[in-house]
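Residue numbers (the numbering used here): 19 to 741.
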DNA sequence: GGCAATCTCCTTTTT
DNA sequence: GGAGATTGCC
């Protein structure tokens, strides 16, 4: 074992040396050549030498890696040089390559606990780990994959003193909003419409933190109209920060920033962390932003990066990701190489042709034409309807038809731009009793009834959590904002729950019952028991609050959460886990009986997903690009990429639906857009041969052929019969 | 007059 | 489901 490690260390070092040597010869070979080459290193290795080596390593490792890997994927997975970026188009096997890479590293280069994989969601993290474990068994037991946030938080929890964050609590977006609302309402100008609303304040603030720019720049980018109120907004933001500091809260951006700043300022901290790892694997690299880069950058000299991404799929610009930065990988990371995966295994060529067309219309150069390994298939269709309800019911009918032909529900995925825009489809699915899951928008721990119960747990876990107190007290009749906040002012200085309860008992408007639940909950031995006490205690109150709002459905969620709580040791850990890596209700349901379901999903959540038949909803004028995106600095091009991501999820069948009363003659797909604000509509000049056009709208005058008759006709009688 | 309850309108994307 | 406005209760 020890010998092995020595050997690996030696091996790694040797390869690094090789690469450095080569890089001195030809340092300036840029990414531009990427079209013609599969493997591009900044420093193209001399041919006879390296070509032989590559093939040798391919042979050497092939047997142990996934046999389904192609040459490009295999080259990437078994790369023996230093840092590498793998540019991979949609459907070219990114996840597969990461998995193979992890497998390769564990088998030949290092040990599982020294590999850290960073992904965007809990789902892909667990998928990767699971698949590596399936292949390697026990050897991979210590392999860790997590989101940036979870990884950073685990470092903070492991050594809170190093980061100056002892006893800090993580807050989610809702909590941020509450604090911003408070800060905003204390401003004299809170009625002024130029002062952004809490949600916008939160976005502006977070954008600035993620990009590393000033508040002023962030306002100019996100809401330029509010720049005149810069001074007042600054006050509100400072107020937010003070409240956060006082209550020892960490918001999402703090978690990354605290760790990144410490890495940059204290070499001893950096060395301690980096000595635990040899390799860092980063998925969806096109969506990393400057804050995440601030975290990774100091690690570059300490370990090996293996990044995977696709500039054409960058859809997180609103969070500060700059898709162009992927092109500067060589500049940012010295001694690095760029590899490419170019063959698409997911979709038929027709689907890729349409996707390629969309991307090609951009004035940005993505250098990307996806080529299918699967050959020809069905032409995509564009289905046009009068309104979203007809759009929805047509989709449902279509789903049913395929079901009758013997297909499973889970061969269908419905993609939408916003959570809100899926409401018609959701309604139609429920009405037709088609089982479905919705991924995107609200998560399980963000639903109102769950937050109500969790507020009790928050208080029990941390009696100084004033946001928890606020929510909890407001649940009970007769208590509003005012009563609650004055009461909370009296108690949050106490760190003992019992003391706080004693004080509140004397409060005329706060019920003894509400306090008794907290008392009982605090005596519970386990998280599960505590949760149960709180649910039971709040049952009547909640039933009353939600009686007309899907109460029967909501009760079921409590069972799910109780099950989730069984595996955690402390309440705080339990709450934190699901704030950092939110979970959708349907992900938490027991596997088995409800496995065969239609997936309804926001495109932002659908990264990496694929499905046989994909419906892309509401691709109407004003929908793509979404009208709202044109006000602020956010790019129309990002909207194009969003639609591109949606289209490239489809394996066999791509169905684009839209609605509205724009005109579209039956003979041609060209549509006329009168309204100026829709003039950038992506499908307005789509090429006929790329798709089949189906207009389901009732015939109206626009669609009638011009009729001309040589004679006129008499007006029919419009009188009622009297007898 | 102060505070709570109710009604109405609108809804980008996520850790 | 949330924010803001309005109504209604004490």
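Glycine is no exception: its CB is placed at the ideal position from the N, C-alpha and C atoms.
request  = Starting from residue 134, follow the beta strand (DSSP E) in both directions and report where the run begins and ends.
outcome  = The residue given as residue 134 occupies position 116 in the first chain. 133–137 is the span of the beta strand (DSSP E), which, as asked, contains residue 134.
task = State the DSSP-derived secondary structure class of residue 100, mapped to helix, strand or coil.
result = The count along the first chain starts at 1 and reaches residue 100 at position 82. The DSSP-derived three-state label of residue 100 is coil.
task = Assuming residue 278 contacts residue 307 (C-beta within less than 8 Å), just tell me the rounded distance between them.
result = As a working note, residue 278 is residue 260 in the first chain. As a working note, residue 307 is residue 289 in the first chain. About 11 Å separates the Cβ atoms of residue 278 and residue 307, ruling out a contact at the 8 Å cut-off.
key: Residue span of the alpha helix (DSSP H) that contains residue 637, given as start and end   = Position 619 of the first chain, counted from the first residue, corresponds to residue 637. Segment: none, residue 637 is in no alpha helix (DSSP H) and carries neither H nor E.
request  = Ignore the nearest five residues each way along the sequence and tell me which others in residue 145's own chain have a CB closer than 8 Å to its CB.
outcome  = Within the first chain, residue 145 is the residue found at index 127, counting from 1. Only residues of its own chain outside the window of five on either side were considered, and among them 113 have a CB closer than 8 Å to the CB of residue 145, listed in chain order.
ask   = With DSSP run on the structure shown, which of helix, strand or coil describes residue 567?
value = Working through the first chain from its first residue, we reach residue 567 at position 549. In the structure shown, residue 567 adopts coil according to DSSP, grouped into three states.
inquiry  = Counting C-beta neighbours from all protein chains within 10 Å, is the total for residue 290 16 or more, i.e. buried, or is it exposed?
reply    = Your numbering for residue 290 matches position 272 in the first chain. Exposed: under 16 other Cβ atoms inside 10 Å.
ask   = Quick one: Cα of residue 245 to Cα of residue 233, how far?
value = Residue mapping note: residue 245 aligns to position 227 of the first chain, counting from 1. Residue mapping note: residue 233 aligns to position 215 of the first chain, counting from 1. Rounded to the nearest angstrom, the two C-alpha atoms are 10 Å apart.
task = Could you tell me the boundaries of the beta strand (DSSP E) in which residue 679 lies?
result = Translated into positions along the first chain, residue 679 becomes position 661. Counting along the chain, residue 679 falls outside any beta strand (DSSP E), and DSSP gives it neither H nor E.
query = Just curious, the beta strand (DSSP E) that residue 297 is in, first and last residue?
reply = Position 279 of the first chain, counted from the start, is the residue given in the question as residue 297. For residue 297, the uninterrupted beta strand (DSSP E) run begins and ends at 297–300, by DSSP.
query = Nearest-angstrom Cα distance between residue 150 and residue 121?
reply = In the first chain, the residue the question calls residue 150 occupies position 132. In the first chain, the residue the question calls residue 121 occupies position 103. Cα to Cα, the separation comes out at about 6 Å.
ask   = Nearest to residue 712 by alpha carbon, out of 398, 475 and 203?
value = The residue given as residue 712 occupies position 694 in the first chain. If we check each option's Cα against that of residue 712, 398 comes out closest.
inquiry  = What residue range does the alpha helix (DSSP H) around residue 665 cover?
reply    = As a first step, residue 665 must be located in the first chain, where it is residue number 647. Unbroken alpha helix (DSSP H) run through residue 665: 654–665.
task = Put residue 401 into one of helix, strand or coil per three-state DSSP.
result = To locate residue 401, count along the first chain from 1; it is residue 383. DSSP places residue 401 in strand when its eight states are reduced to three.
task = Would you tell me roughly how many angstroms separate the C-alpha atoms of residue 215 and residue 412, rounded to the nearest one?
result = Translated into positions along the first chain, residue 215 becomes position 197. Translated into positions along the first chain, residue 412 becomes position 394. Straight-line measurement puts the Cα of residue 412 at about 38 Å from the Cα of residue 215.
message = Am I right that residue 154 and residue 432 are in contact with their C-beta atoms under 8 Å? What's the rounded C-beta distance?
response = On the first chain, residue 154 is found 136 positions in, with the first residue counted as 1. On the first chain, residue 432 is found 414 positions in, with the first residue counted as 1. Between residue 154 and residue 432 a beta carbon distance of about 36 Å is seen, past the 8 Å cut, so the two are scored as non-contacting.
message = With three or more beta-carbon pairs closer than 8 Å as the criterion, would you say the region 672–679 touches the region 627–641?
response = With the cut-off at 8 Å, the region 672–679 and the region 627–641 touch.
ask   = When DSSP labels each residue in this structure, what does residue 562 get in the three-state scheme?
value = On the first chain, position 544 is the one that residue 562 refers to. Three-state result, residue 562: helix.
inquiry  = Between the alpha carbons of residue 696 and residue 405, how many angstroms are there, rounded?
reply    = Numbered from 1 along the first chain, position 678 holds the residue referred to as residue 696. Numbered from 1 along the first chain, position 387 holds the residue referred to as residue 405. When rounded, the distance between both Cα atoms is 17 Å.
key: For residue 656 and residue 106, the rounded distance between their alpha carbons   = Locating residue 106 in the first chain gives position 88, counting from the first residue. Locating residue 656 in the first chain gives position 638, counting from the first residue. Straight-line spacing of the CA atoms in residue 106 and residue 656 works out to 18 Å.
inquiry  = Once DSSP output is grouped into helix, strand and coil, what is the label at residue 72?
reply    = Residue mapping note: residue 72 aligns to position 54 of the first chain, counting from 1. Residue confidence is low: residue 72 scores 46 on pLDDT, short of 50, so the model does not pin down where it sits. Its coordinate-derived value is still stated next. Assignment of residue 72 by DSSP, reduced to helix, strand and coil, places it in the helix class.
key: Rounded separation between residue 297 and residue 119 - CA only   = Here residue 297 refers to the residue found at position 279 when the first chain is read from its first residue. Here residue 119 refers to the residue found at position 101 when the first chain is read from its first residue. One Cα belongs to residue 297, the other to residue 119, and the distance between them is close to 10 Å.
inquiry  = Among 294, 317 and 326, whose alpha-carbon lies nearest the alpha-carbon of residue 303?
reply    = The residue given as residue 303 occupies position 285 in the first chain. Selection 294, 317 and 326 evaluated against residue 303 yields 326 as nearest (Cα-Cα).
query = Where do the N-terminal and C-terminal ends of the beta strand (DSSP E) with residue 327 fall, by residue?
reply = As a first step, residue 327 is located in the first chain; it is residue number 309 there, counting from the start. Per DSSP, residue 327 is one residue of the beta strand (DSSP E) stretching across 322–327.
message = Between which residues of its own chain and residue 678 is the CB-CB distance below 7 Å, once the five residues before and five after are set aside?
response = Stepping through the first chain from its first residue, residue 678 is reached at position 660. Cβ-Cβ distances below 7 Å link residue 678 to 638 and 639 in the same chain, with the five nearest sequence neighbours on each side left out; the list follows chain order.
message = Using the three-state DSSP reduction, which class does residue 193 fall into: helix, strand or coil?
response = Counting from one through the first chain, the residue named residue 193 turns up at place 175. Correct three-state label for residue 193: helix.
ask   = Is the beta carbon of residue 310 less than 8 Å from the beta carbon of residue 166?
value = For the purposes of this step, residue 310 is taken as residue 292 along the first chain, with counting starting at 1. For the purposes of this step, residue 166 is taken as residue 148 along the first chain, with counting starting at 1. Result yes, Cβ atoms of residue 310 and residue 166 sit closer than 8 Å.
query = Using the C-alpha atoms, what's the distance from residue 231 back to residue 174?
reply = The residue you call residue 174 lines up with position 156 of the first chain. The residue you call residue 231 lines up with position 213 of the first chain. Rounded to the nearest whole angstrom, the C-alpha separation of residue 174 and residue 231 is 25 Å.
task = With DSSP collapsed to three states, give me the class of residue 597.
result = As a position in the first chain, residue 597 is number 579, starting the count at 1. The answer is helix: DSSP assigns residue 597 an H, G or I state.
ask   = What are the uninterrupted segments assigned as alpha helix (DSSP H) that are 4 or more residues long and contained completely in the region 499–565, given in chain order?
value = The qualifying runs are 499–509, 515–523, 530–541 and 545–564.
inquiry  = Could you pull the DSSP bridge partners for residue 668 from this structure?
reply    = Numbered from 1 along the first chain, position 650 holds the residue referred to as residue 668. According to DSSP, which records beta bridges pairwise, residue 668 is partnered with 629.
According to DSSP, residues forming a beta bridge with residue 616 = Translated into the one-based positions of the first chain, residue 616 becomes position 598. Among the bridge pairs identified by DSSP, residue 616 is matched with 454.
message = Residues in the same chain with beta-carbon distance under 7 Å from residue 202, minus the five sequence neighbours each way, listed in chain order, please.
response = Here residue 202 is taken as the residue at index 184 of the first chain, counted from 1. Only 208, 213, 216, 219 and 254 meet the Cβ criterion.
task = Go ahead and pull the three-state DSSP assignment for residue 434.
result = Stepping through the first chain from its first residue, residue 434 is reached at position 416. If DSSP states are grouped into helix, strand and coil, residue 434 belongs with the strands.
ask   = Are the beta-carbon atoms belonging to residue 515 and residue 573 less than 8 Å from one another?
value = Position 497 of the first chain, counted from the first residue, corresponds to residue 515. Position 555 of the first chain, counted from the first residue, corresponds to residue 573. Result no, Cβ atoms of residue 515 and residue 573 do not sit closer than 8 Å.
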